[in-house]
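Enquirer: Going by the numbering used here, the sequence shown opens with residue 170, and the numbers climb by one from there. Idealized CB from N, CA, C, for every residue including glycine.
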Amino acid sequence: MVIAIGEATADVRRGKVGTVPPWLRDAHYQGAAALGHGKGYLYPHDIPGGVAEQQYLPDALLGVEYYRPTSHGAEAAWGQIAERLRGARSGERLGLPEAPEQAAGPSAQEKSP
């Protein structure tokens with residue numbers, strides 16, 4: 170994580186920042202809608218899986234990945250989660266476990282005639 174913060178800071182110092190995409194800009198003030206701020210924003214909590222396939226980085230930073238987890242300790246698990254999230258953003262299923270009631274099979278009510 171320290172390396173990622175250092176790389177991101179270096180990009181800011183070099184002026185490699187770009188502009189915030191319009192759908193992420195503040196839309197809570199008068200006149201924001203006229204500027205297109207907030208238009209097209211996808212709220213992740215409203216999307217199955219909770220991951221929106223939406224650009225969050227400025228165009229100048231597309232494809233840049235600052236965080237590259239190692240295989241050491243807990244970071245290995247975080248790396249697997251990060252990979253699943255990247256895949257979900259490109260349309261792949263997250264591969265989350267089923268909800269307990271689904272995994273357990275039919276309920277007692279469903280079994281009775």
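Taking the alpha-carbon positions, what's the glycine 209 to alanine 202 distance?
Expert: Position 40 of the sequence shown, counted from the first residue, corresponds to residue 209. Position 33 of the sequence shown, counted from the first residue, corresponds to residue 202. One C-alpha to the other measures close to 11 Å.
Enquirer: Helix, strand or coil for alanine 201, going by three-state DSSP, please let me know.
Expert: Here residue 201 refers to the residue found at position 32 of the sequence shown. Coil.
Enquirer: Could you give the distance in angstroms between the alpha-carbon of isoleucine 216 and the alpha-carbon of arginine 253?
Expert: Taking the first residue of the sequence shown as 1, we reach residue 216 at position 47. Taking the first residue of the sequence shown as 1, we reach residue 253 at position 84. The alpha-carbon atoms of isoleucine 216 and arginine 253 are separated by roughly 16 Å.
Enquirer: Along the chain, which unbroken stretches of the beta strand (DSSP E) at least 3 residues long are found entirely within the segment 199 to 259?
Expert: Listed in chain order, there is nothing to give.
Enquirer: By how many angstroms is the C-alpha of tyrosine 198 removed from the C-alpha of isoleucine 174?
Expert: Start at 1 with the first residue of the sequence shown, and residue 174 comes out as number 5. Start at 1 with the first residue of the sequence shown, and residue 198 comes out as number 29. Straight-line Cα distance between these residues: approximately 31 Å.
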